[in-house]
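Undergrad: Before I ask anything, let me first share the structure, which is written out below as structure tokens.
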Amino acid sequence: MSAILLVARRDYFAYIGAWGFWLSLLTAPLIIAVLLFAPILLARAEPPRVLTIVAERSTDADAVRVAFAASALDDARGAIAAYLGAAAPQLRAEALAAFDAAPNRQAAIAAAREIVAERAPNAMTAYPSLSPRYQIVAPPVPDIQAMRPYLDGAQTLPGGHTLYGALYLRRDAQGAPVIEYWSTALNHDEPTNLAYRAMRLEMQREALVAQGLAPSEAERLQSFDPQIVQFDPRSTGGESVTLRERAPFFAALALAFVLWSLVFSVANMLLNGVIEEKSNKILDTLLTSVTPLQMLIGKLLGVAAVSATLFLFWGALGGALLTIAAERASDNIFGQVAAAFLEPRLLAAFFIGFIAGYLMYGAIFLALGSLCESVQEAQTLLGPVALVLATPMMLITPALDNPNAPIIEAASWVPIFTPFLMLIRAPSGLAWTEIAAQGGLMIVTVIVILFLASLVFKAGVVDQVSLSSWRGRKNKG
Numbered sequence: 014m015s016a017i018l019l020v021a022r023r024d025y026f027a028y029i030g031a032w033g034f035w036l037s038l039l040t041a042p043l044i045i046a047v048l049l050f051a052p053i054l055l056a057r058a059e060p061p062r063v064l065t066i067v068a069e070r071s072t073d074a075d076a077v078r079v080a081f082a083a084s085a086l087d088d089a090r091g092a093i094a095a096y097l098g099a100a101a102p103q104l105r106a107e108a109l110a111a112f113d114a115a116p117n118r119q120a121a122i123a124a125a126r127e128i129v130a131e132r133a134p135n136a137m138t139a140y141p142s143l144s145p146r147y148q149i150v151a152p153p154v155p156d157i158q159a160m161r162p163y164l165d166g167a168q169t170l171p172g173g174h175t176l177y178g179a180l181y182l183r184r185d186a187q188g189a190p191v192i193e194y195w196s197t198a199l200n201h202d203e204p205t206n207l208a209y210r211a212m213r214l215e216m217q218r219e220a221l222v223a224q225g226l227a228p229s230e231a232e233r234l235q236s237f238d239p240q241i242v243q244f245d246p247r248s249t250g251g252e253s254v255t256l257r258e259r260a261p262f263f264a265a266l267a268l269a270f271v272l273w274s275l276v277f278s279v280a281n282m283l284l285n286g287v288i289e290e291k292s293n294k295i296l297d298t299l300l301t302s303v304t305p306l307q308m309l310i311g312k313l314l315g316v317a318a319v320s321a322t323l324f325l326f327w328g329a330l331g332g333a334l335l336t337i338a339a340e341r342a343s344d345n346i347f348g349q350v351a352a353a354f355l356e357p358r359l360l361a362a363f364f365i366g367f368i369a370g371y372l373m374y375g376a377i378f379l380a381l382g383s384l385c386e387s388v389q390e391a392q393t394l395l396g397p398v399a400l401v402l403a404t405p406m407m408l409i410t411p412a413l414d415n416p417n418a419p420i421i422e423a424a425s426w427v428p429i430f431t432p433f434l435m436l437i438r439a440p441s442g443l444a445w446t447e448i449a450a451q452g453g454l455m456i457v458t459v460i461v462i463l464f465l466a467s468l469v470f471k472a473g474v475v476d477q478v479s480l481s482s483w484r485g486r487k488n489k490g
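Numbering (the numbering used here), first residue to last: 14 to 490.
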């Protein structure tokens, strides 16, 4: 046991003595924050995309303009609702009521902003800018073909803006609408989707009017909108499903990606370390004092201690922030997701999954590293292993949709997939007995993999078996 601890201590101090360890320790929270908030900041900084509409019938153009205006109004309402849900949940209902009562988008934004400015001025520091995603302008030329120089950037509009795209609305021989979208942004289809829905409603209205229905009555029929309420049969209170019930699934998804990244990065650290020590003949010296199994376990414990050091720092910081958010912002999305991170089933599944996943994949990567003479040689072996690691990530989406599907349940009992799928299935009511059973299965698998990995490790380090030597013997044969 003392030999194992000596190997673990040597590896631990070797890793934490490197400047890269401290750099990752301090910068990882900053990088995560940038990844979380960069899309929001970029979306706010993006100016409205300038579109124009050319139509054979003015009523078609008016219908599409109304659709874009309604979309901009809904976007503004959604942004205000999301922001107030996080910054001032007590004002959310009142501000949205004032928003809905206003006659137009500009007045609605001003009404909601006025309430927040008067009742919660501190919440105005990060109030959303609420600029529309699209700006509809008059066509610079009446013909769509003559608009090509404006669409490819060769010419600008009179105000100096660049035309992002143009919608050309025409009618075929039967009078059915045809929507043409002209733009260099080939993968952006939101304008066509908005125009499609608008023209579909226009076709329905025209059909109803053709049957003798008054236009006002046709519009009333089109405004019918059923209400959807979702219930969880496991709840005894009979209340509808809200964000509070969905929050654990968001937390499980985030923890699954964190777990996958940690296991893969730490196992890769073990792989590179053993290749470097083997090429420098350091392992040969160490194996004069310890057995291959002791060396294998010691290295796993050493890097595990490095991970524990990172967890202590990140866990203390993240746990404090999550606890504060769960206590002080319990009524909004951030508080509810933060509280979901502290759910006992999720925490148990995460830590059991990390320990078992790290030992399984770490032992496999150490065994692979002992068979390689260089990092380049190891890359040939990493392909199949990376594919296996990617498999549970490909099952996450169907697991979120139906965590009790037969294929998901079966895959969750495959030990190398269990750490990740157990996390995803935990919020759906995974029983503690099943968590314990899957944990026991992973423990047995860890023991088997450690034994097999020690044999491969011994062959690679002591007997000097490697991929290059095996290929050489194969070529000679």
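In this text, a Cβ means the ideal position worked out from N, Cα and C, and glycines have one as well.
Please go through the segment 55–126 and give each complete beta strand (DSSP E) segment of 3 or more residues, from N-terminal end onward.
TA: Runs of the beta strand (DSSP E) inside the segment 55–126: 62–68.
Undergrad: Please identify the residue among Y209, E289, F81, S142 whose C-alpha is closest to the C-alpha of E390.
TA: Ranking the options by Cα distance to E390, first place goes to E289.
Undergrad: Where does R183 sit, in a helix, a strand or coil, going by DSSP?
TA: R183: strand per DSSP, three-state reduction.
Undergrad: Considering only C-alpha positions, which residue in the set P416, G452, L299 is nearest to G370?
TA: Comparing Cα-Cα distances from G370 to each of P416, G452, L299, the minimum goes to G452.
Undergrad: Please report the straight-line C-alpha distance between L226 and T72, rounded to a whole angstrom.
TA: Approximately 18 angstroms, taken between the alpha carbons.
Undergrad: Name the one or two DSSP bridge partners that V150 has.
TA: Answer is T65.
Undergrad: Hey, A101 and A124: beta-carbon distance below 8 angstroms or not?
TA: No, they are not a contact pair.
Undergrad: Return the Cβ separation of A318 and A21 in integer angstroms, given the expectation that the two are a contact with Cβ distance under 8 angstroms.
TA: At roughly 6 angstroms, the Cβ-Cβ gap stays under 8 angstroms, so A318 and A21 are in contact.
Undergrad: Name the one or two DSSP bridge partners that F367 has.
TA: In the DSSP output, where bridge partners are listed per residue, F367 has none listed.
Undergrad: So I128 packs on L143, CB below 8 angstroms; how close in whole Å?
TA: The Cβ separation is near 15 angstroms, so there is no contact.
Undergrad: For the 8 angstroms Cβ check, are there 3 or more pairs between the segment 446–460 and the segment 380–395?
TA: Short answer: they don't touch.
Undergrad: Count the other CB atoms, across all protein chains shown, that sit within 10 Å of the CB of F464; report buried if there are 16 or more and exposed otherwise.
TA: The residue is exposed, with fewer than 16 neighbouring Cβ atoms inside 10 Å.
Undergrad: Am I right that H174 and V63 are in contact with their C-beta atoms under 8 angstroms? What's the rounded C-beta distance?
TA: Yes, they are in contact, since the Cβ atoms of H174 and V63 sit about 5 angstroms apart, within 8 angstroms.
Undergrad: Shortest alpha-carbon distance to S387 belongs to which of L314, S292, M455?
TA: Ranking the options by Cα distance to S387, first place goes to S292.
Undergrad: Check whether the segment 16–31 touches the segment 299–310, counting contact only when three or more Cβ pairs, one atom from each stretch, lie closer than 8 angstroms.
TA: These segments touch.
Undergrad: Determine the DSSP secondary structure at G442, reduced to helix, strand or coil.
TA: Coil, per DSSP.
Undergrad: Among the residues of its own chain, which have a CB less than 6 angstroms from the CB of A296, if the five just before and after it don't count?
TA: Position check: residue 296 holds Leu in this sequence, whereas Ala was assumed. So the list reads E290, V474, once near-sequence residues are dropped.
Undergrad: Nearest to E493 by alpha carbon, out of A106, A439, L214?
TA: There is simply no residue 493 to check, as the chain begins at 14 and stops at 490 in what is shown.
Undergrad: Using the beta-carbon count (16 or more within 10 Å), is R184 buried or exposed?
TA: Exposed, by the Cβ-count rule.
Undergrad: In angstroms, rounded to a whole number, what distance separates the CA positions of G30 and L359?
TA: Computed Cα separation, rounded: 33 angstroms.
Undergrad: Go ahead and label S425 buried or exposed: buried means 16 or more other beta carbons lie within 10 angstroms of its beta carbon, across all protein chains shown.
TA: Label assigned to S425: buried.
Undergrad: Under 8 angstroms by Cβ, that's how I've got L381 and A412 pegged, so tell me the actual separation to the nearest angstrom.
TA: In fact, because the Cβ distance is near 28 angstroms, the residues do not count as touching under 8 angstroms.
Undergrad: Any idea what DSSP makes of G382, helix, strand or coil?
TA: Helix, per DSSP.
Undergrad: Does DSSP put T244 in a helix, in a strand, or in coil?
TA: The residue asked about is misnamed: residue 244 is Phe in this sequence, not Thr. Reduced to three states, the DSSP call for F244 is strand.
Undergrad: Locate the alpha helix (DSSP H) running through I17, then write down its first and last residues.
TA: I17 -> alpha helix (DSSP H) spans 15–29.
Undergrad: What's the gap between the Cα of D75 and the Cα of A68?
TA: So the two alpha carbons sit approximately 9 angstroms from each other.
Undergrad: Which residues in the same chain have their Cβ closer than 7 angstroms to the Cβ of S467, if we skip the five residues on either side of it in sequence?
TA: Around S467: P305, L306, L309.
Undergrad: What does the alpha-carbon distance come out to for the pair F81 and A179?
TA: Answer to the nearest angstrom: the Cα atoms are 13 angstroms apart.
Undergrad: Please classify W35: does DSSP put it in a helix, a strand, or coil?
TA: W35: helix per DSSP, three-state reduction.
Undergrad: For D344, which residues of its own chain have a beta-carbon under 6 angstroms away from its beta-carbon, when the five flanking residues on both sides are left out?
TA: For D344, the predicted model reports a pLDDT of 49, less than 50, meaning its position is unreliable; a value from the coordinates is still stated below. Answer for D344: P102, listed in chain order.
Undergrad: Please identify the residue among E107, E356, L325 whose C-alpha is closest to the C-alpha of P39.
TA: Contrary to the premise, residue 39 reads as Leu rather than Pro in this sequence. Closest by alpha carbon: L325.
Undergrad: Using DSSP with H/G/I as helix, E/B as strand and the rest coil, what is E356?
TA: Correct three-state label for E356: coil.
Undergrad: Please name the residue, chosen from M455, P141, I377, V276, that lies closest to A89 on a Cα-to-Cα basis.
TA: Out of M455, P141, I377, V276, P141 has the C-alpha closest to the C-alpha of A89.
Undergrad: Below 8 angstroms between beta carbons: does that hold for F430 and P397?
TA: No, the pair does not count as a contact, with Cβ atoms beyond the cut-off.
Undergrad: Which two residues bound the contiguous beta strand (DSSP E) that contains P239?
TA: Run containing P239: none; DSSP gives neither H nor E here.
Undergrad: Following the continuous alpha helix (DSSP H) through P204, name the residue where it begins and the one where it ends.
TA: That run of the alpha helix (DSSP H) goes 203–223.
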